[in-house]
Structure formats: C-alpha cells, structure tokens
Amino acid sequence: MKKSVFILNVSVIFLLILAFSSSAIHAQAEKKERRLNIAIVGGISNPDPLYNPYTYCNLREVQLLLLDMAEQPMTGEEITARISGSNASIDDLLRLEIIRQEGDLYYINFPLFTDRDQRLITRVADIYSQKLADSISQKKEEIYRLLGSYRPTGIEPSKLGFIMIGGLILDLEGLRLLSEHGYIAHGVEKPGGNRYILNAQEVTEFSLKEIYWGCHTDSVNGVTLMTFGDHHFETLRSAFPDLLWGLGRRLGTSLRKDLPELYGTELLTVLNDQMDSFLEDVVTVLLRLKESPAGLPELEKAASLDREYLEHILNFLVKIRYISQEGETYHLLIPVLTEADQEMFQKIRGMVSEEILNWLQTYYAQIKEDLKDISAVRNRVNYGEVFNMLWHYFFGYTNKFLARSGLIYDTYSAPQGFTGFLPAVLSGLER
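For the sequence shown, the numbering used here assigns the number 771 to the initial residue and increments by one for each residue that follows.
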C-alpha cells in the first residue's frame, strides 16, 4: 500500500473545492480580495518544489496576476512588477508552462475560470447535461435489470448506479473515453516528468451541492477504497480514504511541530504501517461480506484476526455505515465491486459510453461555440485541456439530473447517512 496515509502528498485525483461566503460582510471581503482555487487532474511525482505548480500558484501575488491576465495579456515588465517581492519569477511561471510568451506579450496557459466564466459555463452545462441525462435515463430499465444481478442482495440499485455510472463511467472512464476519441487532453506531460492538467477556478458563491464530480481514491494491496460525490462546503466525507487523509494532515502537522526531529519521522513511519495494517483488515472484512452476510465466527475465520480487535473493526464499520448488524449477522451496506461484477459493469459501461459519444457528436461543436468567450478560450489555451475541465461540469451536472430522476442515488433525499457522497470498494474490476 502507498505510504501516504498520514503524510498527505499531492493528490492524484481531481479535487475542486470552492469557498463560500457565510455572511454579507464575508462576501464583500471576497469581492475585494479575489482568490483562486488551484487543482490538478493527474499526478505530481517529482518531489522538487521547482516543478510543483502549487509552489507558485498558491502565492497571493501570482493568483491576482493570473486573474488579471485572464482578462488580457501582459508584458514581461508588467508581470515582473506585479510579482516582485514574492517567491515567484516570470521564469518560474514560464518553466512550469503556467504562462506562455507570444512576441512581447504573455498569456495564461492553462484552464482558468473566472467568476464570469463559471456563470456562463454553468448555464451551458445546465442545458446540455440535461440532454445527456435524458438519453442515459432512457436505458434505465435495462441498466436496472443488469444491476439486479449484483450479489449480495440488499444494496439498492441506485447506489450501485451512483458509483458505476456517476463515478466510474462518467468521471474516470469518461476522461479515458474522451481522450481516446480526441475530445480532451489527458495525462499531459509537464516539465519535471510530471503528468497533469493544471486548472483554477475563482472563488465564488457558486454552489457545488449535487454537482457530483469528485472521485477520491487510495489503494491497499491492489484494492481501491473510494468516495464519490460533490464538493459542497457542507459535505464531510466520513469514509475511506478521506477519513485518513484528514487525520493524516492533522497528525502529521502536529507530530512535526511537537516531536523532536530525532524520532518524529520514525514515529510517523510506524503509524503509517499500523494504519496500512488496519486498512488491510478492513478490506478483508468487506470482501468477505461481499460474498454473503456473515456472523462473527465466519469473519474471524476469514480475517484470521483476534476476536476483540475484529469486533472493534466491525463496530467502527457499523458506525460509518459501511455495514449493518442484524442480530448476530453483519450485512454489507455499500457497493463492493469485484471480478464477479465484471460482466455487468462492462455491459453498463458500453451502454453509457455509447450515449456519451452520441452526445459529443451532437453537441460538442455547439458547446465550443457557446463557450467561445470564456477566458481560457480567448487566451487560446489548448482546447483539449480546457474541455477536460469543462467535462467535469458537464458530467457533474449530468449526475445531478440522474440523481434527481432516481436513476442513481440521491444523497440528499435518501436518509442513509451519506450526504453528498457515497463510498465504495473496488477489487479486481477491470476498467
């Protein structure tokens, strides 16, 4: 397993969290001090901060510069004057391809969506995503027939659809599908050997509630622990891997601050190993319950764990609603997808992928025309990278409409403890 549970490194998933105003005073302050949320789609493998875009893009001076450059290009002298005194130079921004030079002028060189851009994008997404949702919904009967083959019984088809259609197909597989057919750039090689697409959104009051576009994943022994949902500011993902990421940030910061350097690193390593072992045991329990409901003796035998320790794990999984206990028997409550679900998944993926491609062939050109005035397009940023980010809006809105129609799980209507997201486990499912 990755040794990054307690020491959070740069995420390889798309994480887009917009800030929200809690009062009129706060909203006014936001308008005076414009800010960006910086994210990547992809991963940063090079540990050198000189090749990490966050090193520079999180600087206040650079953010304000980029917001102004989104409106119009600047000269080198203007840029140098704007960021003098910060820890960034024009050479840094050029090296990481954050900006590019054309003649005497410099332009933003990545998808940056201002407040005005986001208002336009969401209006367009609201229109075209409904069309995609409608076409997918026409296949609900066949999709639900396939989902009915899932074992064990007891997991609502809408929950399976939320993870399969919303998270795996529209999000993760959607990016691969669009890349294969030339609609987007994906896994773009960047200086330093990293592969990602940098993106930024201006902090606004735009609500992300029900816009299901965020897939968070981590793995243990080849098994993927994931959550999928929106990034609404009230959404707290009390599930794996998010629980451990948050714990890791807090604990890692605390230990580095309070412990002598002499043994702080070693202690973090020990804690990492212990958490790795804990997750392995959690996965073992969940995979056993995927086979069928089971009592404590069966789980004890499958996991080869001390009974008292196993009971702690089971009590924890009950509290975070991964499993339920009925009498002496434990039942699975979340989607756990394995090789046994491969045929079902492939058929559903084929059906949904067909609708995605039909939708793209029908509306892609018109969408490009409708969004010709957003900042990234006006600045002639690679449109493959731009549409990679636009696709997140389109499939996020599509998922909202699918949830409201009942095809996939509506996390805000179903009172089952997961608000804004659902967790899942993937083992041996080929995608």
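Virtual Cβ for every residue (Gly too), placed ideally from N, Cα, C.
This structure is a prediction, so every number in the text was calculated from the model and none was measured.
Practice item. Could you round the C-beta distance between Ile1093 and Tyr1100 to whole angstroms and report it? I think they count as a contact, below 8 angstroms. Key: So it is a contact: roughly 5 angstroms between Cβ atoms.
Review point. What separation, rounded to the nearest whole angstrom, lies between the Cα atoms of Glu926 and Leu1102?
Key: Cα atoms of Glu926 and Leu1102: separation of roughly 11 angstroms, rounded to the nearest angstrom.
Point to revise | Host beta strand (DSSP E) of Gly999 (start-end) | key: In this chain, the beta strand (DSSP E) harbouring Gly999 covers 993-999.
Practice item. Give me the Cα-Cα distance between Leu1192 and Lys1170, rounded to the nearest whole angstrom. Key: Roughly 14 angstroms between the two C-alpha positions.
Review point. Under 8 angstroms, do Asp1111 and Leu1199 count as touching if we go by C-beta distance?
Key: The criterion of a C-beta distance shorter than 8 angstroms is satisfied by Asp1111 and Leu1199.
Review point. Who are Pro1105's beta bridge partners in DSSP?
Key: Its beta-bridge partners do not exist; DSSP assigns none.
Exercise for review: Express the C-alpha separation of Gly1190 and Tyr1182 in angstroms, rounding to a whole number.
Suggested key: Using only the alpha carbons, I get a separation of about 7 angstroms.
Review point. Does the segment 1160-1167 come within contact of the segment 938-950, defined as at least 3 CB pairs closer than 8 angstroms?
Key: The answer is yes - the segment 938-950 touches the segment 1160-1167, with three or more Cβ pairs under 8 angstroms.
**Study point:** Own chain partners of Leu1056 with C-beta closer than 6 angstroms, once the 5 adjacent residues on each side are dropped
**Key:** For Leu1056, where only same-chain residues beyond five positions count, the Cβ hits under 6 angstroms are Val1106, Val1195.
Check your understanding: If you drop the 5 nearest sequence neighbours on each side, which residues of the same chain put their C-beta closer than 8 angstroms to that of Thr845?
Key -> Excluding sequence neighbours, Thr845 sits near Asp874, Leu875, Tyr876.
Review point. Do you know how far the Cα of Leu829 is from the Cα of Asn816?
Key: Cα-Cα distance, rounded: 20 angstroms.
Point to revise | Pro961 beta carbon less than 8 angstroms from that of Thr987 | key: It is not a contact, given that the beta carbons lie outside the stated cut-off.
Point to revise | Coil, strand or helix - His986 by DSSP | key: In the displayed model, His986 falls within a strand according to three-state DSSP.
Review point. Can you name, in chain order, every residue of its own chain whose Cβ lies under 6 angstroms from the Cβ of Ala1184, other than the five neighbours on each side?
Key: Excluding residues within five positions, none has a Cβ falling inside 6 angstroms.
Point to revise | Counted within 10 angstroms of its Cβ, other Cβ atoms place Phe1188 as buried (16 or more) or exposed | key: Under this definition Phe1188 is a buried residue.
Review point. Hey, out of Leu1037, Val958, Tyr821, whose CA is closest to Val811's CA?
Key: Cα-wise, what sits closest to Val811 is Val958.
Point to revise | Pick from Leu882, Leu947, Ser1062, Phe998 that is closest to Tyr1153, judged by C-alpha positions | key: Nearest C-alpha to Tyr1153: Leu882.
Check your understanding: In terms of residue numbering, what span does the alpha helix (DSSP H) encompassing Pro823 cover?
Key -> Secondary structure note for Pro823: its alpha helix (DSSP H) is the uninterrupted segment 823-827.
Check your understanding: Within 10 angstroms of its Cβ, does Glu847 collect 16 or more other Cβ (buried), or is it exposed?
Key -> In the assembly as shown, Glu847 is an exposed residue. Its beta-carbon has fewer than 16 other beta-carbons within 10 Å.
Review point. Is Tyr898 helix, strand or coil when you go by DSSP?
Key: Three-state result, Tyr898: helix.
Point to revise | Distance between Gln1116 and Arg804 (C-alpha atoms, nearest Å) | key: Near 45 angstroms, if we compare the C-alpha coordinates of Gln1116 and Arg804.
**Study point:** 7 angstroms Cβ shell around Ile933 - same chain, five flanking residues per side excluded
**Key:** For Ile933, same chain residues with a beta-carbon under 7 angstroms away, outside a window of 5 residues either side, are Phe998, Pro1105, Leu1192, Ala1194 in chain order.
Check your understanding: Quick one: complete alpha helix (DSSP H) runs, 4+ long, within the segment 878-961?
Key -> Segments of the alpha helix (DSSP H) lying fully in the segment 878-961: 885-907, 910-917, 927-931, 944-950.
Review point. Does the beta-carbon of Asp1000 have 16 or more other beta-carbons within 10 angstroms, so that it is buried, or is it exposed?
Key: For Asp1000, the number of other beta carbons within 10 angstroms of its own is at least 16, and it is reported as buried.
Check your understanding: Can you tell me the Cα-Cα spacing of Leu890 and Met1159, whole angstroms?
Key -> Between Leu890 and Met1159, the alpha-carbon positions lie close to 14 angstroms from each other.
Check your understanding: Glu1139 to Phe1157, Cα distance in whole Å?
Key -> Straight-line Cα distance between these residues: approximately 12 angstroms.
Check your understanding: CA-CA distance, Gly1097 and Glu1068?
Key -> Whole-angstrom Cα-Cα distance: 15 angstroms.
Point to revise | Contact the segment 978-997 vs the segment 826-842: 3+ CB pairs below 8 angstroms | key: Judged by Cβ distances under 8 angstroms, the segment 978-997 makes no contact with the segment 826-842, as fewer than three pairs qualify.
Point to revise | Bounding residues of the alpha helix (DSSP H) (the contiguous stretch that carries Gln1136) | key: Under the DSSP assignment, Gln1136 falls in the alpha helix (DSSP H) whose first and last residues are 1112-1140.
Review point. Does DSSP classify Ala1173 as helix, strand or coil?
Key: The answer is helix: DSSP assigns Ala1173 an H, G or I state.
Check your understanding: Once you ignore the five residues that flank Arg1119 on each side, which residues in its own chain have a CB closer than 7 angstroms to its CB?
Key -> Here the set comprises Ile939, Glu943.
Check your understanding: Less than 7 angstroms between the CB of His956 and some heavy atom of the ligand ZN, yes or no?
Key -> For the ligand ZN, the structure offers nothing, since it holds no ligand at all.
Check your understanding: Under a three-way DSSP split, which group does Leu1006 fall into?
Key -> Three-state DSSP puts Leu1006 in coil, outside helix and strand.
Exercise for review: Alpha carbon to alpha carbon, how far is Leu1049 from Asn879? Give it in angstroms, no decimals.
Suggested key: Going from the Cα of Asn879 to the Cα of Leu1049 covers about 40 angstroms.
Exercise for review: Count the other CB atoms, across all protein chains shown, that sit within 10 Å of the CB of Val894; report buried if there are 16 or more and exposed otherwise.
Suggested key: Val894 counts as buried, since no fewer than 16 other beta carbons sit within 10 angstroms of its beta carbon.
Review point. Are Arg965 and Gly813 closer than 8 angstroms when you measure CB to CB?
Key: Contact: yes.
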